[in-house]
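The structure appears right after this line, and notes come after that.
There are 2 protein chains.
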Amino acid sequence: MEKLEAIAAAGFDGVEIFENDLLACPLSPEEVRARAADLGLGIDLYQPFRDFESVPPEVLAGNLRRAERKFQVMERLGADLLLVCSNVSPAAIGDDELAAEQLRLLAERAAEHGVRIAYEALAWGRHVNEYLHAWRIVRMADHPSLGTCLDSFHILSRGSDPIGIEAIPGEKIFFLQLADAPLLAMDVLQWSRHYRCFPGQGNFDLAGLTASVLRAGYAGPLSLEVFNDVFRQASAERTALDGMRSLIALEQSLDGVTHPAVPAGFAFAELADPDPGSGTLGGLLSALGFARTGVHASKPVELWSQGEARILLNAGAEAGEPALVAIGLDSPDPGGAVKHAGSLLSPVLPRERAPEDVPLDAVAAPDGTEIFFCDTAWLADFTPGTLVAGPITGIDHVALTQPLHYFDEAALFYRSVLGLRPQESLELPDPYGLLRSKAMSAPDGAVRMVVNIAQVGAGHLPWQHIALACDDVVAVARRLRAERPGLLLPIPGNYYDDLEARYEVDPELRRLGVLYDRDADGGEFLHLYTVTVGRVFFELVQRVGGYQGYGAGNAPIRLAVQHASG
Amino acid sequence: MEKLEAIAAAGFDGVEIFENDLLACPLSPEEVRARAADLGLGIDLYQPFRDFESVPPEVLAGNLRRAERKFQVMERLGADLLLVCSNVSPAAIGDDELAAEQLRLLAERAAEHGVRIAYEALAWGRHVNEYLHAWRIVRMADHPSLGTCLDSFHILSRGSDPIGIEAIPGEKIFFLQLADAPLLAMDVLQWSRHYRCFPGQGNFDLAGLTASVLRAGYAGPLSLEVFNDVFRQASAERTALDGMRSLIALEQSLDGVTHPAVPAGFAFAELADPDPGSGTLGGLLSALGFARTGVHASKPVELWSQGEARILLNAGAEAGEPALVAIGLDSPDPGGAVKHAGSLLSPVLPRERAPEDVPLDAVAAPDGTEIFFCDTAWLADFTPGTLVAGPITGIDHVALTQPLHYFDEAALFYRSVLGLRPQESLELPDPYGLLRSKAMSAPDGAVRMVVNIAQVGAGHLPWQHIALACDDVVAVARRLRAERPGLLLPIPGNYYDDLEARYEVDPELRRLGVLYDRDADGGEFLHLYTVTVGRVFFELVQRVGGYQGYGAGNAPIRLAVQHASG
Numbered sequence: 001m002e003k004l005e006a007i008a009a010a011g012f013d014g015v016e017i018f019e020n021d022l023l024a025c026p027l028s029p030e031e032v033r034a035r036a037a038d039l040g041l042g043i044d045l046y047q048p049f050r051d052f053e054s055v056p057p058e059v060l061a062g063n064l065r066r067a068e069r070k071f072q073v074m075e076r077l078g079a080d081l082l083l084v085c086s087n088v089s090p091a092a093i094g095d096d097e098l099a100a101e102q103l104r105l106l107a108e109r110a111a112e113h114g115v116r117i118a119y120e121a122l123a124w125g126r127h128v129n130e131y132l133h134a135w136r137i138v139r140m141a142d143h144p145s146l147g148t149c150l151d152s153f154h155i156l157s158r159g160s161d162p163i164g165i166e167a168i169p170g171e172k173i174f175f176l177q178l179a180d181a182p183l184l185a186m187d188v189l190q191w192s193r194h195y196r197c198f199p200g201q202g203n204f205d206l207a208g209l210t211a212s213v214l215r216a217g218y219a220g221p222l223s224l225e226v227f228n229d230v231f232r233q234a235s236a237e238r239t240a241l242d243g244m245r246s247l248i249a250l251e252q253s254l255d256g257v258t259h260p261a262v263p264a265g266f267a268f269a270e271l272a273d274p275d276p277g278s279g280t281l282g283g284l285l286s287a288l289g290f291a292r293t294g295v296h297a298s299k300p301v302e303l304w305s306q307g308e309a310r311i312l313l314n315a316g317a318e319a320g321e322p323a324l325v326a327i328g329l330d331s332p333d334p335g336g337a338v339k340h341a342g343s344l345l346s347p348v349l350p351r352e353r354a355p356e357d358v359p360l361d362a363v364a365a366p367d368g369t370e371i372f373f374c375d376t377a378w379l380a381d382f383t384p385g386t387l388v389a390g391p392i393t394g395i396d397h398v399a400l401t402q403p404l405h406y407f408d409e410a411a412l413f414y415r416s417v418l419g420l421r422p423q424e425s426l427e428l429p430d431p432y433g434l435l436r437s438k439a440m441s442a443p444d445g446a447v448r449m450v451v452n453i454a455q456v457g458a459g460h461l462p463w464q465h466i467a468l469a470c471d472d473v474v475a476v477a478r479r480l481r482a483e484r485p486g487l488l489l490p491i492p493g494n495y496y497d498d499l500e501a502r503y504e505v506d507p508e509l510r511r512l513g514v515l516y517d518r519d520a521d522g523g524e525f526l527h528l529y530t531v532t533v534g535r536v537f538f539e540l541v542q543r544v545g546g547y548q549g550y551g552a553g554n555a556p557i558r559l560a561v562q563h564a565s566g
Numbered sequence: 001m002e003k004l005e006a007i008a009a010a011g012f013d014g015v016e017i018f019e020n021d022l023l024a025c026p027l028s029p030e031e032v033r034a035r036a037a038d039l040g041l042g043i044d045l046y047q048p049f050r051d052f053e054s055v056p057p058e059v060l061a062g063n064l065r066r067a068e069r070k071f072q073v074m075e076r077l078g079a080d081l082l083l084v085c086s087n088v089s090p091a092a093i094g095d096d097e098l099a100a101e102q103l104r105l106l107a108e109r110a111a112e113h114g115v116r117i118a119y120e121a122l123a124w125g126r127h128v129n130e131y132l133h134a135w136r137i138v139r140m141a142d143h144p145s146l147g148t149c150l151d152s153f154h155i156l157s158r159g160s161d162p163i164g165i166e167a168i169p170g171e172k173i174f175f176l177q178l179a180d181a182p183l184l185a186m187d188v189l190q191w192s193r194h195y196r197c198f199p200g201q202g203n204f205d206l207a208g209l210t211a212s213v214l215r216a217g218y219a220g221p222l223s224l225e226v227f228n229d230v231f232r233q234a235s236a237e238r239t240a241l242d243g244m245r246s247l248i249a250l251e252q253s254l255d256g257v258t259h260p261a262v263p264a265g266f267a268f269a270e271l272a273d274p275d276p277g278s279g280t281l282g283g284l285l286s287a288l289g290f291a292r293t294g295v296h297a298s299k300p301v302e303l304w305s306q307g308e309a310r311i312l313l314n315a316g317a318e319a320g321e322p323a324l325v326a327i328g329l330d331s332p333d334p335g336g337a338v339k340h341a342g343s344l345l346s347p348v349l350p351r352e353r354a355p356e357d358v359p360l361d362a363v364a365a366p367d368g369t370e371i372f373f374c375d376t377a378w379l380a381d382f383t384p385g386t387l388v389a390g391p392i393t394g395i396d397h398v399a400l401t402q403p404l405h406y407f408d409e410a411a412l413f414y415r416s417v418l419g420l421r422p423q424e425s426l427e428l429p430d431p432y433g434l435l436r437s438k439a440m441s442a443p444d445g446a447v448r449m450v451v452n453i454a455q456v457g458a459g460h461l462p463w464q465h466i467a468l469a470c471d472d473v474v475a476v477a478r479r480l481r482a483e484r485p486g487l488l489l490p491i492p493g494n495y496y497d498d499l500e501a502r503y504e505v506d507p508e509l510r511r512l513g514v515l516y517d518r519d520a521d522g523g524e525f526l527h528l529y530t531v532t533v534g535r536v537f538f539e540l541v542q543r544v545g546g547y548q549g550y551g552a553g554n555a556p557i558r559l560a561v562q563h564a565s566g
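Chains A and B are the protein sequences, given in the same order.
Residues 1 to 566 (UniProt numbering) make up the first sequence, in order.
Residues 1 to 566 (UniProt numbering) make up the second sequence, in order.
In structure tokens, the structure reads:
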């Protein structure tokens with residue numbers, strides 16, 4: 001019931017009933033039907049019915065008897081479509097004519113109960129595991145109550161080309177189930193049962209497949225069929241809402257809706273500074289060459305700048321320790337961006353402001369970070385100060401650490417709401433666990449975000465960081481090493497022994513604690529980290545020769561040093 | 001350092017240094033060497049050195065330069081053996097003679113530094129991925145400083161037969177790395193990096209492989225090389241101790257040490273009963289037909305019996321709610337059993353007792369449950385009462401829920417310390433997550449244990465249960481349904497709609513809420529559950545016709561009802 005309520009609240013108008021859920025449910029089928037109707041939900045499909053077709057005659061009788069019982073349950077539920085999965089039993093016979101004959105018989109019996117049969121090729125079916133093979137058998141059986149069910153996972157996980165769907169008459173596609181998945185090299189049954197996710201959260205081209213299904217003339221529901229260990233543990237409300245968001249995003253991409261306002265850069269990053277008197281954050285920014293260039297007209301917020309890098313320190317934010325609380329994005333159309341976010345069910349934030357303040361449009365990211373869509377007007381809130389030029393030129397990227405349950409949701413959020421494109425996904429060793437990481441960027445690289453989840457033991461806090469683009473990391477390091485050596489994260493000499501075995505690098509990197517990476521095309525990456533303040537630290541990065549990554553190979557070194565010094 | 005200390009404390013006398021650990025370590029190689037020496041640890045191996053052999057001449061020069069740097073680090077570390085993994089690079093050339101020639105060159109350079117090279121076939125090596133292939137190349141190279149390294153995972157994950165190891169002269173096996181793993185159908189690289197476990201915790205025959213290595217004449221160290229996401233998150237001390245336990249168990253099985261005292265049955269199960277005045281647990285046992293047949297001479301402990309099923313209710317145990325705190329096992333040799341447990345590093349528990357009490361030998365299981373090894377003398381502690389005959393005849397099995405980090409440890413504990421054999425492993429859906437489950441039993445089925453881990457959302461308590469063997473579950477259910485209907489877990493009617501579609505079963509099962517399973521050989525299982533009291537519930541089980549399972553298909557129904565009523 002909890003699931004039905006969450007599904008209805010998210011705005012769906014129909015559900016599949018998965019048999020296992022019904023079996024464990026204390027309500028009778030009639031009560032489930034009534035409850036669904038009260039919630040405005042139709043029961044579009046009952047599933048699964050397994051191992052029916054292509055069996056020896058003595059098994060067929062038992063299978064038909066089993067089906068009769070299910071038709072009765074379906075009548076009580078008010079469901080008129082039954083999903084039949086291709087037989088996986090070793091006892092199944094590889095004979096298409098036999099399969100077609102027995103499915104025709106099943107369809108005849110079903111018709112007597114007003115039920116229709118949707119036959120689906122499981123990716124691991126014994127003899128039938130390709131969607132076109134299932135369609136061939138359905139056509140051979142030639143019964144009006146028999147059609148096929150298409151499931152994007154079963155089609156795309158085998159690498160089948162979905163364009164063949166356009167060979168199927170739309171009215172013979174009885175049902176469409178959508179699921180995305182990350183590309184994983186593993187047994188397809190395990191992959192399906194544990195790692196499915198919502199469209200847009202994985203690596204499959206759901207829009208392309210759905211376009212083919214619509215081109216075939218299908219007019220039925222788009223249904224999400226997702227099995228995922230993490231989703232199972234998450235709240236049903238939140239999961240249902242995220243599923244609806246994925247369908248809206250899919251629909252928008254099918255309608256050719258392009259993102260109205262992909263951000264053109266970072267306007268600012270805002271840190272909670274609960275103890276400004278200590279000068280910890282301000283001192284750190286000063287040391288990095290920032291200057292306090294403005295003070296908010298009506299709030300306890302300071303603007304610190306260097307080049308195009310702008311950091312707000314907010315003494316009024318609700319936070320027990322320094323933490324990243326908001327990100328401002330330069331938006332060509334703030335109003336359009338927030339409207340687009342709203343259409344994708346993102347919570348648009350109310351903005352309390354003083355009468356003279358410039359209005360700012362903001363939405364909440366899955367982890368609660370506020371995302372502001374800004375034009376340049378926002379700077380008018382701040383009394384102007386001197387502009388500061390220095391080696392730091394802007395914000396290169398922002399890295400957020402998500403709770404485990406929000407990782408897939410965050411990927412979809414940044415992709416659909418902000419219009420960023422997924423880049424690399426990584427798993428990095430951490431001394432106390434594993435760090436999963438997904439990078440996303442605007443097409444021109446002007447905005448880069450990294451979303452992490454830390455699967456670590458208890459008591460290890462998730463860090464966030466702001467990476468600042470820098471013209472000359474070595475120069476900054478040289479100055480800080482002389483003036484404020486305690487501000488830089490120390491890098492072990494062993495790291496440089498290895499680095500120097502791999503590349504001919506300037507020995508000064510070792511003295512300064514600057515890390516180094518090189519890509520296959522000779523692009524170079526120089527970076528360094530500050531120590532952590534509260535939940536936050538800064539990274540200085542210098543990209544040379546078109547380097548597009550994030551120095552991921554060096555992150556385990558950083559994590560080990562941070563754990564050791566935390 | 002934390003790792004080295006834990007390793008030394010667990011009694012190891014040497015370590016492999018994994019390069020990533022060193023790179024992130026603030027200590028210099030000399031300091032690591034000194035610290036290891038202080039702890040009594042030799043550095044047996046430095047690893048890995050990757051993608052060296054079978055390369056074009058222009059790459060070779062760079063690789064040799066890289067190796068020279070590593071030899072220097074090894075001299076500083078005091079390590080004289082370097083692991084070279086077979087090349088995985090697409091640039092590698094499939095030419096054994098080239099590989100041998102380049103490895104000989106590497107061995108010559110190594111010899112100048114007093115270093116030896118152990119060449120290993122990675123299971124996913126580009127051209128060399130079988131251990132006999134690596135040995136062929138080593139023999140071809142024919143250099144005294146070049147030998148092979150054997151890794152049980154790389155050998156057994158590919159299904160290679162380890163008996164071929166006996167073709168390798170012992171002195172050319174420079175190193176042996178041991179890791180077990182569960183059988184998983186997935187990409188071997190992912191399998192290796194995330195799911196390795198200690199010998200005896202997975203499905204590989206480590207004893208057979210090690211026996212072949214010893215028969216070949218190998219006299220070097222047995223080294224554990226395990227990559228495991230869960231171990232990463234666990235405490236280093238506990239993991240090191242568990243690793244040592246796995247080696248001791250392996251050694252015992254190689255020495256033909258058989259378990260001195262496999263338990264012959266359950267003597268008792270002990271429940272904490274923090275509020276005996278409420279009569280909740282006593283009332284439940286009464287309703288199930290138990291009688292209070294004894295009271296402990298000196299402690300607030302009651303003995304409740306029916307047939308051979310004995311439950312102790314302990315009002316003095318430290319527990320906030322009813323919970324399973326101890327298990328008594330009938331042992332043919334309690335002293336031998338506890339000595340054996342001690343040899344496997346299990347904590348032997350001190351037993352505070354009154355002067356007149358019978359001494360009892362006990363050890364702590366990984367989750368803290370106390371395991372007592374009993375002969376019949378323990379009953380002398382209890383003032384005798386009437387013996388009770390009834391449909392319940394004994395304890396069929398006990399199911400414990402483990403913290404995630406202790407699951408593999410528990411499997412090894414029950415296997416090595418108690419001499420139980422692993423049976424089925426399962427993953428079951430739970431409304432709020434997934435339940436992983438592993439069953440173990442004495443060879444004759446007299447003792448069965450089920451170890452679960454619940455990967456569920458926060459706030460859902462792990463349950464434990466005692467399954468009671470019963471002659472006639474239907475009769476007990478009939479009586480309870482009439483007298484104490486609230487004691488039985490209600491089973492949804494939908495479950496029976498499905499059951500009756502699959503089997504011809506007595507319609508009374510539905511009325512009584514008795515669950516049913518049938519195995520492939522026609523063996524039958526009838527069972528029911530009581531409601532949960534504190535962390536504990538009871539199951540009544542009736543095995544018919546040699547049924548050996550646990551009704552796993554019905555567990556999701558039970559879990560759903562328990563969650564709904566909790």
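Glycine included, each C-beta is placed from N, C-alpha and C at the ideal position.
The structure presented is a predicted model; accordingly, all values stated were derived computationally and were not measured.
- Specify, as a first and last residue, the run of the alpha helix (DSSP H) that residue 134(A) falls within. Per DSSP, residue 134(A) belongs to the alpha helix (DSSP H) from 131-141.
- Excluding sequence positions up to five away, which residues of its chain have a Cβ less than 7 Å from the Cβ of residue 512(B)? The residues 474, 477, 478 and 481, in chain order, have a CB closer than 7 Å to that of residue 512(B) in the same chain once the five nearest residues on each side in sequence are set aside.
- Query: Nearest CA to the CA of residue 320(B): which residue from 74(B), 534(B) and 267(B)?
  - Reply: 534(B)
- Residues that residue 23(B) contacts on chain A, provided the C-beta gap is smaller than 7 Å: Neighbours of residue 23(B) in chain A, taken as residues at a C-beta separation under 7 Å, are given in chain order as 492, 494, 495, 498 and 557.
- Message: By the three-class DSSP mapping on this structure, what secondary structure does residue 548(B) have?
- Response: coil
- Message: So, for residue 209(A): in the same chain, excluding its five sequence neighbours on each side, which residues have a beta-carbon less than 6 Å away from its beta-carbon?
- Response: Setting aside the 5 residues that flank it on each side, residue 209(A) is surrounded in the same chain by 152 and 162, each with a C-beta closer than 6 Å to its C-beta; the list follows chain order.
- Should residue 458(B) go down as buried or exposed, given a rule of 16 or more other Cβ atoms within 10 Å for buried? Bear in mind that the predicted position of residue 458(B) carries a pLDDT of just 49, short of 50, making it too unreliable to give a figure here.
- Message: Which runs of the alpha helix (DSSP H) at least 4 residues long sit entirely within the segment 260-348 of chain A? Give them in chain order.
- Response: 280-287 and 334-343
- Using beta-carbon positions only, say whether residue 345(A) and residue 193(A) come within less than 8 Å of one another. no
- Item | Per-residue contacts from residue 73(A) into chain B (C-beta, under 9 Å) | Chain order gives the chain B residues near residue 73(A) as 494, 497, 498 and 501, where near means a beta carbon separation below 9 Å.
- Message: I need the straight-line Cα distance from residue 3(B) to residue 408(B), nearest angstrom please.
- Response: 20 Å
- Cβ-based burial, residue 199(B) [other Cβ within 10 Å; buried from 16]: Of the residues assessed, residue 199(B) falls on the buried side of the cut-off, its CB having 16 or more other CB atoms within 10 angstroms.
- According to DSSP, what are the bridge partners of residue 438(B)? 425(B) and 451(B)
- Task: Kindly list the residues whose CB is nearer than 7 Å to the CB of residue 508(B), restricted to its own chain and excluding five residues on each side of it in sequence; keep chain order.
- Result: Result list for residue 508(B): 474, in chain order.
- Task: Give the DSSP-derived three-state secondary structure of residue 223(A) in the structure shown.
- Result: It is a strand residue.
- Item | Residues from the segment 232-261 of chain B in contact with chain A, defined by Cβ distance under 9 Å | 232, 233, 234 and 235
- Message: Suppose contacts are defined by Cβ-Cβ distances below 8 Å. Is residue 264(A) in contact with residue 446(A) by that definition?
- Response: yes
- Which first and last residues belong to the beta strand (DSSP E) in which residue 518(B) is found? For residue 518(B), the enclosing beta strand (DSSP E) starts and ends at 515-518.
- Item | Minimum Cβ-Cβ distance from residue 126(A) to chain B less than 8 Å | no
- Per-residue DSSP class, three states only, for residue 204(B): coil
- Between the C-alpha atoms of residue 181(A) and residue 483(B), what's the straight-line distance to the nearest angstrom? 52 Å
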